[in-house]
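Chemist: Following this message is one structure expressed as structure tokens.
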RNA sequence: GGUCCUGUGGCCGAGUGGCUAGGCUGAGCUCUGCAAAAGCUCCUACUGCGGUUCGAAUCCGCACGGGACCUCCA
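In this note's numbering, the protein residues as written are 126 to 623.
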């Protein structure tokens, strides 16, 4: 394990040295998507950022249990603890069963995550699969005196909780300030406190997704699922909890309160929050309607896009920025990243072909030191709160040398074999294993067809100049690849060898 | 209104109390049949005004600009 990992803890608003609860093991929970519609690029950024974090923890040799949930129930529209569940609303719209919606968008989400080359979490629990755990937790919170039931709905008593624990700790806010930002309770409200939130919501007759509970038929509130599932799989106190910054004030604040009220302990040691993706300076969000779907981005089929950008170019684009900074989306920025990504990958391919051959030449002491230094800077970058931007900058610095070696501008033998190996493994591991970038050979869908066309043109040209040696060569090589080149009356074409 | 964050070169983006990240773009050079790639060089910034300091873009204050959260959202 290299040096020490530091990470920015939202709870303390400082960069802290990372010390896992159990040496060598890390438990991490990340709030996953609500699968009632397609994930947009902003959602993807969070998951890609945590993929980087997960990958680096693995790289450091930790045994990591990475839990990322799927929210497939109980997520209300609006803040009044009434009205339909998002899934039901969408289901009515699409004339589908709620679980059909869940299935459709869960699969879609997984496809997108795969395109972005993210590693799968260790456990991907669903809210609907953990209803009883949530009910048990709510029961415990009630019996501990932090929640009350009214007409089949259970509310968390924030003001009472706040007398013992700092409710607004995660966003550094006092209860009075929070209260100031909320509306007066109207006569329709049944909850007692303005900040109280629902743990369990009573079902209406038309509610489709409902479960029986001690408080009657209903469904769980949004926040309780994460508390229930994180404690189930990671314990009452675990190492890292992550999510987008937009979840900090409400969802995560409530999660802490629930877990504390239930388990009498603070649930998480390190809270990590990723920043937002913006479009023209404004946050990308579902409600703002400025979200890009990954598919639109890949194909370029969107009014704001000049062209399509490949998944790896987009991943690289995100990696060039630190996860806690906002990232502004523009064609110009994306184009720049696309080029940068290709340079890195070309370098990667080049590097893999480089073979060290010691020569009698004198080694360059300073060069060895410099290369070693650049390698160390990559580790230092990641250890400093997963600063992938620093890593990439230093990879480019290394790339300059890699290209110089490859072009024999600098003789490779001026490096010691140890330094060469270090450069090689550092570059390859950082690009592939940590940043999660891979060579996209054929992200251009028609590339192979186009290459056939080129081949056939060469073939035709060779026939015209009666270069039969070349003609035979092309045909033989194509045949070896399982492709038959045919001269027909209509012209030259090819088919698969039968 | 409340609570915060932020303002870096043509663009995107790191970072730090003094040792000028990096990428993209543009210009030039080397190499080169042409081209590409690659290497080298140049364009060298930190919103404005004060203050602290031997020294600040980096710390503090004020002003202005941008944004987030406080309501569903990664």
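Heads up, the beta-carbon is just placed ideally off N, CA and C, and yes, glycines get one too.
1) Identify the continuous alpha helix (DSSP H) that holds residue 276 and give its terminal residues.
2) Can you give the Cα-Cα distance for residue 372 and residue 276, rounded to whole angstroms?
3) In the structure shown, what three-state DSSP assignment does residue 450 receive?
4) Going by Cα to Cα distance, which pick from 564, 519 and 511 is closest to residue 495?
5) Going by the DSSP bridge assignment, what does residue 404 pair with across the sheet?
6) Residues in the same chain with beta-carbon distance under 6 Å from residue 400, minus the five sequence neighbours each way, listed in chain order, please.
7) Thinking C-alpha only, which one of 273, 136, 334 and 514 is nearest residue 225?
8) Sort out for me which residues DSSP pairs residue 192 with in a bridge.
9) Just grab the DSSP bridge partners of residue 141 for me.
10) Taking the beta carbon of residue 157 as the centre, do at least 16 other beta carbons fall within 10 Å, making it buried, or is it exposed?
11) Which value, in whole angstroms, describes the spacing of the CA atoms of residue 161 and residue 301?
12) If you draw a straight line from the alpha carbon of residue 217 to that of residue 617, how long is it in whole angstroms?
13) Here's the rule I'm using: 16 or more other beta-carbon atoms within 10 Å means buried, otherwise exposed. How should residue 609 be labelled?
14) For residue 379, I'd like the list of residues in its chain whose CB is within less than 6 Å of its CB, leaving aside the five on either flank, ordered along the chain.
15) Assuming residue 560 contacts residue 596 (C-beta within less than 8 Å), just tell me the rounded distance between them.
16) Report yes or no: do three or more beta-carbon pairs, one from the segment 534-546 and one from the segment 459-466, lie closer than 8 Å?
17) Exposed or buried, which one is residue 338 when buried takes at least 16 other CB atoms within 10 Å?
18) Three or more beta-carbon pairs under 8 Å between the segment 354-365 and the segment 140-157, yes or no?
19) Any idea what DSSP makes of residue 206, helix, strand or coil?
20) Check whether the Cβ atoms of residue 475 and residue 435 lie closer than 8 Å to each other.
21) At what residue ranges does the segment 480-509 contain a whole run of the beta strand (DSSP E), taking only runs of 3 or more?
22) With DSSP collapsed to three states, give me the class of residue 340.
23) Taking the C-alpha atoms as reference points, what is the distance between residue 268 and residue 185?
24) Given this structure, state the Cα-to-Cα distance separating residue 293 from residue 303, to the nearest angstrom.
25) Beta strand (DSSP E) containing residue 596: first to last residue?
26) I'd like to know whether the C-beta atoms of residue 499 and residue 135 end up nearer to each other than 8 Å.
27) Less than 8 Å between the CB atoms is what I'm expecting for residue 512 and residue 129, so what's the real figure, rounded?
28) What does residue 609 pair with, by DSSP beta-bridge criteria?
29) Please report the distance separating the alpha-carbon of residue 460 from that of residue 555.
30) Is it buried or exposed for residue 180, if we count other Cβ within 10 angstroms and need 16 for buried?
31) List the whole-angstrom C-beta distance separating residue 247 from residue 191, where the pair is believed to meet the contact cut-off of C-beta under 8 Å.
32) By Cβ distance, which residues of its chain are closer than 7 Å to residue 220, with the 5 residues on each side in sequence left out?
33) Using the C-alpha atoms, what's the distance from residue 565 back to residue 603?
34) Between which two residues does the beta strand (DSSP E) holding residue 434 run?
35) So, are the CB atoms of residue 599 and residue 473 less than 8 Å apart?
36) Count the other C-beta atoms from every protein chain shown that fall within 10 angstroms of the C-beta of residue 170, then say buried if there are 16 or more, exposed otherwise.
Modeler: In this structure, then:
1) It is not in any alpha helix (DSSP H) - residue 276 carries neither H nor E in the DSSP assignment.
2) 28 Å
3) coil
4) 519
5) 407 and 454
6) Its chain contains 370, 449, 450 and 451 as the residues whose beta carbon lies nearer than 6 Å to that of residue 400, once the 5 sequence neighbours on both sides are disregarded; these appear in chain order.
7) That would be 334, whose Cα lies nearest to the Cα of residue 225.
8) Looking at the DSSP assignment, residue 192 forms a beta bridge with 154 and 248.
9) 132
10) buried
11) 35 Å
12) Spanning the two alpha carbons is a distance of roughly 54 Å.
13) exposed
14) 322 and 348
15) Not really, about 45 Å apart at Cβ, beyond 8 Å.
16) Contact fails: fewer than three Cβ-Cβ distances are below 8 Å.
17) buried
18) These segments touch.
19) Here residue 206 scores only 44 on pLDDT, less than 50, and its place in the model should not be relied on; the value that follows carries that caveat. Residue 206: coil per DSSP, three-state reduction.
20) Judged by beta-carbon spacing, residue 435 lies beyond the 8 Å limit of residue 475, meaning their Cβ atoms are not closer than that value.
21) none
22) coil
23) 42 Å
24) 8 Å
25) Element bounds for residue 596: not the beta strand (DSSP E) but the alpha helix (DSSP H), 593-605.
26) no
27) About 14 Å separates the two Cβ atoms, so there is no contact after all.
28) 620
29) 22 Å
30) buried
31) 5 Å
32) In its own chain, leaving out the 5 sequence neighbours on each side, no residue places its CB closer than 7 Å to the CB of residue 220.
33) 23 Å
34) Neither: residue 434 is in no beta strand (DSSP E) and is coded neither H nor E.
35) no
36) buried
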